[in-house]
Structure formats: structure tokens, C-alpha cells
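For the sequence shown, the UniProt record's numbering gives the first residue as 2, with consecutive numbering after it. One structure below.
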Amino acid sequence: TQDNKALFIIFGGTGDLAKRKLYPSLFRLFRKRAINKHFAVIGTARREWTNEHFREVVTDSIQELNPTPKELDSFTSHFYYQAHNVTNTQEYVTLEKLASELDDTYQLDGNRVFYLAMAPSFFGTIAQHIKSEHILSENGFNRLIIEKPFGTDYQTAKELNDSISAAFTEDQIFRIDHYLGKEMVQNISAIRFGNNIFESLWNHYYIDNVQITLAESLGVEERGGYYDKSGALKDMVQNHILQIVALLAMEPPTIFSDHAIRTEKISALESIRIYNEKEVKENFVRGQYSKGHLGSNQFPGYHEEKDVDPTSSTETFVAGKLMIDTFRWAGVPFYIRTGKRLTEKGTRINIVFKTTPINVFRSADQTEDIPENILTIYIQPTEGFSLTLNGKEIGSGFAMDPVKLNYRHSSETLENSPEAYEKLLLDCLKGDATNFTHWDEVAASWKIVDVIKHVWDKDNSNIPTYPARTMGPKEAFDLLENDGRSWVWEP
Ligand code: BG6
């Protein structure tokens with residue numbers, strides 16, 4: 002592998018994301034020599050830390066990866082700390098001085114990655130100072146990685162985008178959606194465009210409906226404060242779910258490049274029908290978990306969670322039906338659902354195919370409808386695919402017997418496969434934006450979500466509830482039943 006050259010300036014270097022995801026991912030890249038001699042990291046945050054202390058924190062954060070003492074020394078020696086108040090212009094001058102020193106020391110060719118791993122309210126300020134205080138290097142690349150949430154609605158997202166666009170061009174901005182770093186989310190393109198048996202059927206002539214479930218068993222944990230202001234729609238649908246929809250629904254790109262793929266994703270997202278008030282009520286349901294149990298384990302209700310308003314009407318569950326107004330998808334519902342404290346953690350896509358035009362076996366033993374063929378993509382925790390087909394039941398007579406062709410990556414493969422953040426950091430170093438969201442995707446997604454949120458906010462009384470560790474409120478099941486369908490959810 003190539004020894005990628007870059008200086009990482011991490012805003013929020015003392016934070017949780019940096020410790021949990023960024024430092025371990027950088028270490029994995031270091032081990033694989035995707036970064037090696039020519040990289041340096043400046044961690045910044047308000048606290049006064051020494052380089053030594055920073056290196057100890059980095060050391061702690063990678064313990065699980067069992068570094069040897071030699072690896073540790075050489076890896077952490079590339080880390081520098083600079084206390085930094087993001088609103089103080091003068092401090093950017095100090096930062097630039099350190100940055101250019103490190104550029105010389107490690108021969109980084111002026112390549113810079115600015116990583117915003119902190120409270121979104123500062124994103125704009127930082128980007129503007131980076132520009133005004135000349136922290137952008139003149140040789141080499143300048144890239145900005147920015148974490149979610151990207152705004153809280155279309156308007157705030159646009160304001161944020163305008164402010165970062167004053168310093169960075171669209172092709173320098175890498176907006177993270179960590180789902181796009183997941184192996185099986187990336188596999189959607191492989192399945193579609195690498196298999197003619199699927200892509201040729203990938204349309205309204207053959208597909209009856211598509212189902213996307215992002216179920217979580219955990220509650221809001223330590224993030225009640227953030228979550229209570231956000232809710233499931235903004236936390237999961239605006240970003241992760243709509244990104245998955247875009248990958249499933251887009252037209253085939255002419256070539257597998259970031260530009261071509263993102264162009265198609267943008268069109269797909271812009272083709273999702275924007276509902277009016279009545280349609281929102283018919284097609285979207287929300288829910289909030291109440292206390293519940295699984296076996297003998299008891300779980301508190303959302304209102305009892307830490308940092309959550311006990312009268313909160315924030316949704317912890319969303320289910321909805323999206324329609325995509327293109328020739329390809331005319332009339333095919335994309336059912337989506339996500340929630341906290343559901344039965345289990347499971348992210349899955351089900352492509353439910355139409356049944357055969359007539360049941361020729363009705364004269365034999367198969368008097369009921371022939372079951373649908375279903376292609377399932379298992380995103381997590383297990384990763385793989387399955388395809389259900391109909392065979393003949395063994396014996397005399399002629400009834401259908403559904404069989405499931407099942408494939409899962411082995412646990413060994415999974416253990417050795419790179420983590421989402423590791424892949425995304427490497428993509429950024431290579432300047433490949435395929436797995437990052439373009440502004441036009443973000444904008445289209447917010448427009449869809451804003452309308453739903455707006456209708457909900459008008460009436461926050463009587464939000465459906467569901468007992469913790471169940472699959473959501475009854476309304477979510479009715480949504481499909483009213484269409485004569487049901488959620489596919491098998492192990
Ligand atoms: C985050 C949400 O974006 O995704 C969290 O803010 C959620 O609320 C998380 O738990 C789920 O990610 P993963 O990778 O665990 O499925």
C-alpha cells in the first residue's frame with residue numbers, strides 16, 4: 002500500500018468520537034502502512050493538554066488493538082496537541098505555525114485533512130477561520146471531513162453549507178455518513194451492478210416492494226440530551242435510511258466513480274415524492290417506547306431515560322412508505338422503519354419480488370398463493386445475503402416448499418474486515434468521495450424529512466407507544482397491512 006501523506010487537524014481531539022473511532026482507525030491504517038512515515042496529527046480542543054498527555058490518551062484509545070511497544074512509540078510520536086479556542090482568531094495563527102512545522106518535519110507535501118469532530122454549532126466558525134487565517138495550504142490538498150448532524154432542517158443545513166463553502170469547494174468537503182462505510186451497504190452496488198439476474202429485474206415490473214429496517218435494541222443510553230431534540234426521523238431517516246434508499250433506487254452509473262454515483266443518487270433522492278399533509282399522515286407513523294421487558298430483563302420507558310424530558314413527545318421509532326416517482330419505480334413502495342429499543346439489533350434490506358402471474362399449481366396441492374421470492378441483504382450484525390426460492394415439497398402431490406439460499410460472511414472475515422471509519426478515512430486520503438454525501442443529497446433528504454416533521458409538530462398529542470423490546474407500535478404493522486402486505490423479518 003501507498004504511504005499516504007497528510008496532516009490531520011482534528012477539532013474535538015479530546016472527544017468521544019476521536020477516541021472511539023478516529024485514533025483506532027488511524028492506527029489500523031498505520032499498521033497497514035496506508036499511513037506510515039509521512040503523517041502527523043494535531044489534536045485540538047479547549048482543554049490545556051501536553052503532547053505527552055495527548056499521546057497517553059491516544060495510547061489508551063488503541064489498547065484493544067494490542068499494539069506492540071514499538072508500534073505504540075512510533076505511532077503516537079506523530080501526535081501533537083494544541084489547545085484551541087475555535088472563536089479566537091489569534092489561536093489559528095498558532096495552529097498554522099505548528100501545522101507548517103509538522104509539514105516540514107514529516108514531509109507532508111502540504112496535504113491537509115481538517116476533521117470536525119465536535120459540536121456542530123462551531124462548524125461554520127471553524128471553516129471560516131481556516132480560510133481567513135490562511136490555514137489552507139497552498140501546495141497539496143485541503144479536505145474537510147464533517148460529522149453529522151449536518152443541520153437540523155433544510156434551512157440550517159443550507160446555512161451551514163454556505164458557511165463551509167466560503168472556505169472549501171464541494172469537492173473538498175467530505176460529509177460523513179458512517180453507514181456508507183459499512184461493508185454491506187457498499188455491497189448494494191455489487192449485488193445490483195455485478196449480477197445481471199438482479200439488475201435486470203430491478204424495477205416495478207418485477208419488484209413488489211422494498212423494505213428497509215434499521216432496528217436497534219439499545220435505548221438512548223448517554224445521549225438523551227441530544228436525542229430528545231432530534232428524534233428518530235432526523236437521527237436515522239434523514240441520513241442513513243435515505244442513503245440506503247438512494248443506493249437501492251438509483252439508476253446504474255455509467256462508471257463506478259464518485260461523480261457518476263453521486264449524480265445518480267442525487268436524482269434518486271430528488272425523485273422521492275414529497276408528501277402533502279394528508280399523505281404524511283397516511284404514510285408515516287411514529288412511536289415512542291414505554292417500559293417493557295424481554296424475558297426477565299426490564300427496560301425503562303423513554304420518559305424515564307437520563308436527560309430526557311419526562312413529558313417529551315420525541316419519536317424513538319419511525320415507519321413510513323416512500324414512493325419514488327421514476328419510470329423504474331412507479332408504484333413500488335419503499336417501506337422503511339427504524340427505532341430504539343426494538344426486539345434486536347438488526348439492519349436489513351428485503352427486496353420482495355412479485356409472484357408469478359398465475360398459480361399453475363392451484364389444480365394440485367398448492368391452493369394458496371405461491372410465496373414471493375425475497376432477496377435479503379443483511380447489513381449487521383451478521384453480514385451476507387439470502388434468497389428465498391420456491392421448490393417442490395418432497396413427496397407425491399405438488400405443493401411449493403420455500404427454500405432459502407443463505408450466505409453470511411464468516412466471523413473470521415468480519416473480524417479482519419476494516420471498520421467503517423478506517424475505510425472512510427482512507428477514501429478521503431485518496432480523494433474518493435463515493436462514500437460521502439454530496440450537498441445536493443443532504444438538501445434533498447432534508448426536504449423530504451422537513452415536511453414530515455412539520456406535520457408531526459402540529460400535533461404532538463397521542464403519539465403511539467410500544468413496549469421496549471418489541472418491534473414498534475401497531476400502527477407500523479397496519480401501514481403494510483392496509484396495503485395487503487407485511488414486514489419480512491426472519492432470522
Ligand atoms: C448514529 C445515530 O448516527 O447511528 C445513533 O446517531 C445510532 O443514534 C447509530 O445508534 C447507529 O449506528 P450503528 O453503526 O450502530 O448501526
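Beta carbons: idealized from backbone N, C-alpha and C, even for Gly. Note that the coordinates shown come from a computational prediction; the quantities given were computed from them, not determined experimentally.
DSSP state of residue i mapped onto helix, strand, coil
i, result
"D308", "coil"
"D209", "strand"
"K355", "coil"
"N235", "In the sequence as presented, Asn is not what sits at residue 235; that position holds Lys. If DSSP states are grouped into helix, strand and coil, K235 belongs with the helices."
"P474", "coil"
"V59", "helix"
"I275", "coil"
"V286", "strand"
"S268", "helix"
"K183", "coil"
"L388", "strand"
"T106", "helix"
"S313", "coil"
"W490", "coil"
"L18", "helix"
"A331", "coil"
"A100", "helix"
"E49", "coil"
"D259", "helix"
Rounded straight-line distance, which links the Cα of residue j to that of residue i
i, j, result
"P150", "V281", "23 Å"
"T339", "T106", "48 Å"
"H439", "Y24", "25 Å"
"I63", "D209", "46 Å"
"L427", "V114", "11 Å"
"V452", "E271", "14 Å"
"N351", "S462", "33 Å"
"H205", "G385", "25 Å"
"Q381", "T90", "44 Å"
"T312", "D229", "11 Å"
"T344", "L137", "48 Å"
"V87", "N112", "21 Å"
"E305", "D441", "38 Å"
"F28", "S418", "14 Å"
"E102", "F9", "13 Å"
"M324", "E139", "46 Å"
"E200", "G432", "29 Å"
"T95", "E57", "23 Å"
"F300", "R470", "8 Å"
"T377", "I131", "45 Å"
"S78", "S26", "16 Å"
"D479", "Q212", "15 Å"
"E373", "A128", "51 Å"
"T357", "T69", "59 Å"
"D236", "E491", "26 Å"
"D484", "T317", "24 Å"
"A35", "K6", "9 Å"
"T170", "N162", "10 Å"
"G226", "I198", "47 Å"
"L234", "H85", "34 Å"
"I189", "G321", "21 Å"
"I449", "L243", "9 Å"
"T424", "K33", "Residue 424 is actually Lys in this sequence, not Thr. In a straight line, the C-alpha of K424 is about 12 Å away from that of K33."
8 Å Cβ cutoff, residue i in contact with chain D
i, result
"W457", "No chain D appears in the structure shown, which is made up of a single protein chain."
Span of the beta strand (DSSP E) around residue i
i, result
"L27", "L27 -> not in any beta strand (DSSP E); alpha helix (DSSP H) instead, spanning 24-32."
"V404", "401-409"
"I337", "335-340"
Beta-bridge pairing of residue i - partner residues as DSSP gives them
i, result
"Y228", "Paired residue(s): none; Y228 is not in a bridge."
"I174", "L145"
"F9", "V42, V114"
"N483", "BP columns for N483 are empty, so no partner."
"K393", "M401"
"S291", "P468"
"R349", "T214, Y379"
"Q299", "H294"
"I325", "I273"
"F318", "G288, G340"
"T438", "R176"
Span of the alpha helix (DSSP H) around residue i
i, result
"A84", "Counting along the chain, A84 falls outside any alpha helix (DSSP H), though it belongs to the beta strand (DSSP E) covering 80-84."
"D74", "70-77"
"T126", "124-133"
"D428", "421-431"
"N204", "No alpha helix (DSSP H) contains N204, which DSSP labels as neither H nor E."
"T3", "The displayed chain sequence assigns Gln, not Thr, to residue 3. Neither: Q3 is in no alpha helix (DSSP H) and is coded neither H nor E."
"T414", "412-417"
"I165", "155-166"
"L248", "243-250"
Heavy atom of the ligand MG within 7 Å of residue i beta-carbon
i, result
"Q289", "As presented, the structure is devoid of the ligand MG, carrying the ligand BG6 as its sole ligands."
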